[in-house]
Amino acid sequence: MTGPLTGLHVVELAKEISGSYAAKLFVDLGAEVTKIEPPAGDPLRRWGPFPGGVPDPERSGLFHYLNAGKRGAALNLAQSDDVAAAHELIAAAHVLIEDFAPGTLDRWTLGPGDLGRLNPDLVLLRISAFGQSGPWRRRPATPLTAQAASGWISARDPDRPPVQVGARISEYVAGAYGALGVLTALRMPPADRVREVDVAQVEALLSTLPYPMLMAQRMRSLGLPANLRSAPMLGVVRAADGWVGINCLTGQHWLDVCAMLGLPEYGEHQIAIMMGGPERDEFFGKAEPLLARQTVAEIVELAQALRIPAAPVNDGATVLGCPQYAERGFFVPSGGPGWSFRRPGPAFRFSKTPVAQPGPAPHHGVGTRPDPWNTVARSLNTAEGPLPFSGLKVLDLTTFWAGAYLTCYLGAFGADIVKIESIQRPDGHRYSGAFAYEGDDWYERSPIWQGTNLNKRDLTLDLTSPRGLDIARRLAADADVVVENFSPRVVEQFGLDYDALASLNPDVIAVRMPGYGLQGPWRDYVGWALNFEQTSGMSAATGYPDGPPCNPQGPADPIVGVHAAVALLAALEHRHRTGEGQLIEIAQIEVAACVAAEPVIEYSMTGVVPPRRGNRQRGYLQGVYPTADDGWVALSLPDDGQLDHDVFDELVTAWTRTQTAESVVKTVQIQGIPAERVITGDRMYDHDLIGGQLDARGYYEEFVHPITGPSRYPGWPFRITPGPARHHRAAPPTLGQHNDEVLAGLGFSAGEVASLRAERIIGERPLNA
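Position 526, counted from 1, in the sequence shown is what our numbering calls 631; the numbers after and before it change by one each time, with no gaps.
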């Protein structure tokens with residue numbers, strides 16, 4: 106069995122999760138990866154977890170998860186003979202991955218100029234905290250301070266410091282974007298020089314939030330508090346045997362929850378309860394005892410029967426017994442002779458190129474030399490046009506965030522995206538951050554929808570009508586790719602599932618992104634990002650040890666979109682070689698579990714469910730501390746075991762309380778100590794904060810929307826050099842903006858288009874607006 110990227114040769118020089126995870130995704134897709142470790146071995150070998158808790162660098166669970174299937178070599182890049190061996194390997198590779206501080210490769214004669222003389226066709230993936238350019242490129246950082254600078258640290262409890270997202274989840278994100286950037290760069294024609302993919306970890310984290318800078322700008326324009334945030338309802342609550350997440354996304358969900366709890370009198374008070382105050386305390390005072398008498402399974406089953414998005418808040422133990430994961434066989438065995446553990450399987454499933462179970466992780470041996478490549482080198486297909494996806498036709502049947510994020514990316518770099526909505530049911534994401542009192546065009550004003558739907562043409566079609574469905578099928582018959590992220594029954598009831606699409610277009614690639622998967626007992630469950638964060642273990646790993654699990658607040662959606670894009674680009678390569686289309690299944694709870702791997706690995710190895718760690722992480726003395734100007738700063742120092750962490754927190758807090766946030770960061774950064782302000786959405790454009798670094802790297806781009814005017818939209822968290830100069834190509838469309846254009850392209854006359862509009866099969870305003 107060969108994967109879609111068989112014949113792609115990758116060299117990995119990585120000491121962190123980000124670089125190793127990027128290389129892991131290539132292994133899952135069939136590429137051959139050689140990992141070069143220093144004589145002391147990858148630091149992750151010493152991280153663990155270990156069987157029974159006994160340290161053994163050959164039995165580190167996290168190392169094995171990230172490095173299964175890779176070949177190994179141990180080289181001292183300070184010695185000329187070992188550098189020569191690395192040069193020989195890289196000269197025959199397609200990709201080199203590194204995640205060191207900027208400038209490190211140059212010391213080993215592996216900088217871009219040196220690599221260009223070795224292999225001018227090489228793609229070099231560089232992952233660093235702030236990127237290879239900009240005034241902050243050499244700024245010291247740790248995962249905690251990167252989270253602070255990107256908005257990932259947020260307030261959970263008014264009486265305690267804001268808290269990071271746990272389980273090192275943030276470190277996987279840049280790796281996924283790195284893999285996507287490499288596959289995009291490989292579609293570009295040779296440049297007769299090394300092509301660099303420069304990933305900034307902070308930008309990667311910022312790109313996976315629901316665009317708080319756009320929302321803050323929007324609130325400010327309405328005269329509302331820029332960082333006005335309401336708590337998800339009901340959020341994470343206690344059941345009789347654990348924690349459960351109940352996540353109302355619509356007003357109807359709220360009414361149904363109130364009915365389910367026997368509290369219908371609160372149905373008209375959703376906003377007041379969400380915003381806090383006496384109504385909230387009164388409601389929860391009645392609701393919590395009712396929920397505490399039922400098990401997690403009972404609550405989830407009843408809520409889902411009412412189509413309420415509810416999910417268990419799984420930890421490293423309960424996730425293994427989750428019925429949906431279990432029936433789908435998602436957690437797979439790993440390890441070696443005499444020891445084993447369970448870890449997440451691949452983040453994607455292919456109908457024609459199944460992901461093979463990888464071999465063992467490489468053993469570490471000082472002086473181990475690189476072996477010759479086992480597979481015949483094969484370059485990937487390049488696009489026929491100026492951009493990586495030029496000529497690619499995509500039918501976008503997505504809604505909300507995860508699927509739309511994928512199609513926004515494809516459109517940014519050349520694909521023709523036709524997004525389908527209807528005037529009967531516009532994309533529900535249009536109503537996020539838009540308010541009906543703003544006028545007749547209020548549904549066009551959502552900054553969240555706009556930020557995820559640039560680069561597309563918008564067509565409205567009533568798919569419940571025969572004529573509307575026939576037009577959708579005509580578009581599908583001519584598409585290279587069809588993308589959807591509804592629950593499975595939605596497109597199946599329209600006859601737009603993969604088998605139906607393949608009967609129209611045998612070489613189509615269908616990307617289906619259901620929340621829980623296409624098979625399994627929960628296939629028809631409803632859910633959104635918070636559910637997937639809860640089910641996968643992301644929420645259970647976030648928060649304080651003595652507090653409740655906390656939702657990471659939405660990064661699951663774009664993380665899923667990035668993984669789907671990686672899978673799609675691999676499938677396009679397979680189609681180029683064989684002519685075969687296929688079905689790609691991206692179960693969102695599985696992607697979320699892939700980046701929250703450590704807790705389940707640790708439990709399966711040790712039988713221990715680790716407590717939440719708040720803002721702490723092994724290897725550091727660190728935390729989030731208050732300042733004299735009512736701000737917060739995140740600060741990290743290496744932990745040499747000489748100082749008690751509680752004492753450290755007391756000493757740092759006593760000092761930071763007397764300083765402004767700016768002075769704290771400036772003082773410790775001069776000493777080489779990583780520290781950052783905890784950034785909120787209203788400060789992400791500020792030039793004196795992260796905004797200056799982002800502007801220097803061209804992260805934001807301004808487009809003029811026909812209704813809301815100019816906005817600075819976030820781009821993608823990497824630069825490809827040489828490569829596309831822009832992140833986006835077009836402003837987000839209005840509802841049905843391209844009806845006439847798209848239909849004319851299908852051969853419809855002006856009279857036929859008018860007939861479709863008269864029958865409300867197409868239109869430019871929602872029927873209920």
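Every residue gets a Cβ at the ideal spot worked out from N, C-alpha and C, and that includes glycine.
Identity of the residues DSSP links to residue i by a beta bridge
i, result
"Ser741", "Gln727"
"Gly526", "As written in the sequence, residue 526 is Glu, which differs from the Gly given in the question. DSSP lists Thr565 as partners of Glu526."
"Val200", "Val115, Val228"
"Asp303", "Arg231, Arg824"
"Gly496", "Gly496 is not bridged to any residue."
"Thr139", "Val116, Arg176"
"Gln687", "Ile614"
"His810", "Gly814"
"Thr441", "The sequence shown places Gly at residue 441, not Thr. DSSP output for Gly441 lists Trp444 as bridge partner(s)."
"Gly340", "Ile351"
"Phe436", "Pro449"
"Asp521", "Lys498"
"Val586", "Val499, Ile614"
"Phe853", "Its beta-bridge partners do not exist; DSSP assigns none."
Nearest-angstrom Cα separation, counted from residue j out to residue i
i, j, result
"Leu559", "Ala179", "45 Å"
"Glu549", "Ala198", "48 Å"
"Tyr708", "Asn419", "12 Å"
"Met324", "Asp262", "23 Å"
"Pro72", "Gln462", "This structure does not reach residue 72, given that the chain is present from 106 up to 874, and the question cannot be answered."
"Arg788", "Val773", "21 Å"
"Thr111", "Gly659", "34 Å"
"Phe494", "Ala452", "23 Å"
"Pro743", "Gly146", "19 Å"
"Val302", "Arg483", "20 Å"
"Ala764", "Thr732", "In the sequence under discussion, the amino acid at residue 764 is Gln, which differs from the Ala named in the question. Roughly 6 Å between the two C-alpha positions."
"Trp760", "Leu249", "19 Å"
"Gly328", "Val752", "43 Å"
"Pro475", "Glu308", "34 Å"
"Val228", "Leu201", "6 Å"
"Asn610", "Pro531", "27 Å"
"Leu740", "Tyr730", "8 Å"
"Val342", "Glu846", "49 Å"
"Ala634", "Asp361", "20 Å"
"Leu366", "Val405", "13 Å"
"Val188", "Tyr282", "28 Å"
"Lys175", "Asp226", "22 Å"
"Leu354", "Pro207", "42 Å"
Proximity to residue i [Cα-Cα], best of the options
i, options, result
"Thr785", "Gly256, Gln237, Thr139, Ser123", "Gly256"
"Tyr805", "Gln598, Leu113, Ala830, Thr813", "Ala830"
"Gln842", "Pro465, Gly712, Gly736, Glu526", "Glu526"
"Phe823", "Gln306, Ser641, Gly108", "Gln306"
"Gly221", "Cys655, Asp476, Glu163, Ala296", "Ala296"
"Ala701", "Leu748, Trp737, Thr647", "Thr647"
"Thr400", "Pro417, Ala392, Arg412", "Pro417"
"Pro330", "Ala321, Pro337, Met338", "Ala321"
"Pro459", "Gly382, Ala672, Thr289", "Ala672"
"Ile664", "Pro653, Phe637, Tyr542, Leu677", "Phe637"
"Arg562", "His192, Gly632, Glu690, Leu848", "Leu848"
"Leu149", "Val696, Pro811, Glu703", "Glu703"
Rounded Cβ spacing between residue i and residue j (contact assumed at less than 8 Å)
i, j, result
"Val424", "Gly508", "Wrong, their Cβ atoms sit about 24 Å apart, outside the cutoff."
"Gly868", "Thr565", "6 Å"
"Val499", "Leu515", "6 Å"
"Thr313", "Val278", "6 Å"
"Leu439", "His169", "Note that residue 439 corresponds to Ser in the displayed sequence, not to Leu. About 6 Å; that satisfies the 8 Å criterion."
"Gly625", "Glu432", "5 Å"
"Val268", "Cys655", "7 Å"
"Leu395", "Arg579", "Their Cβ separation, rounded to whole angstroms, is 51 Å, which puts Leu395 and Arg579 out of contact at 8 Å."
"Pro894", "Val299", "With the chain covering only 106 through 874, there is no way to say anything about residue 894."
"Tyr630", "Gln409", "5 Å"
"Leu230", "Pro819", "Not confirmed; about 21 Å, so no contact."
"Leu502", "Leu601", "7 Å"
is_contact[residue i, chain C] using C-beta, thresh 8 Å
i, result
"Ser608", "Protein chain content of the structure displayed is limited to a single chain, and chain C is not contained in it."
(request) Just list the beta strand (DSSP E) runs in the stretch 220–268, keeping only unbroken ones of 3 residues or longer that don't cross its boundaries, in chain order. (result) Here the runs fully enclosed are 228–233.
(request) Would you list, in sequence order, the uninterrupted alpha helix (DSSP H) runs of no fewer than 4 residues that lie entirely inside the stretch 747–771? (result) 750–761
(message) Extract the residue ranges of the alpha helix (DSSP H) inside the stretch 611–663, only unbroken runs of 4 or more that lie entirely within it.
(response) 634–641
(message) List, from N- to C-terminal side, the beta strand (DSSP E) runs of 3 residues or more that fit wholly inside the stretch 348–429.
(response) Taking only runs of at least 3 residues, the beta strand (DSSP E) segments lying wholly in the stretch 348–429 are 415–417.
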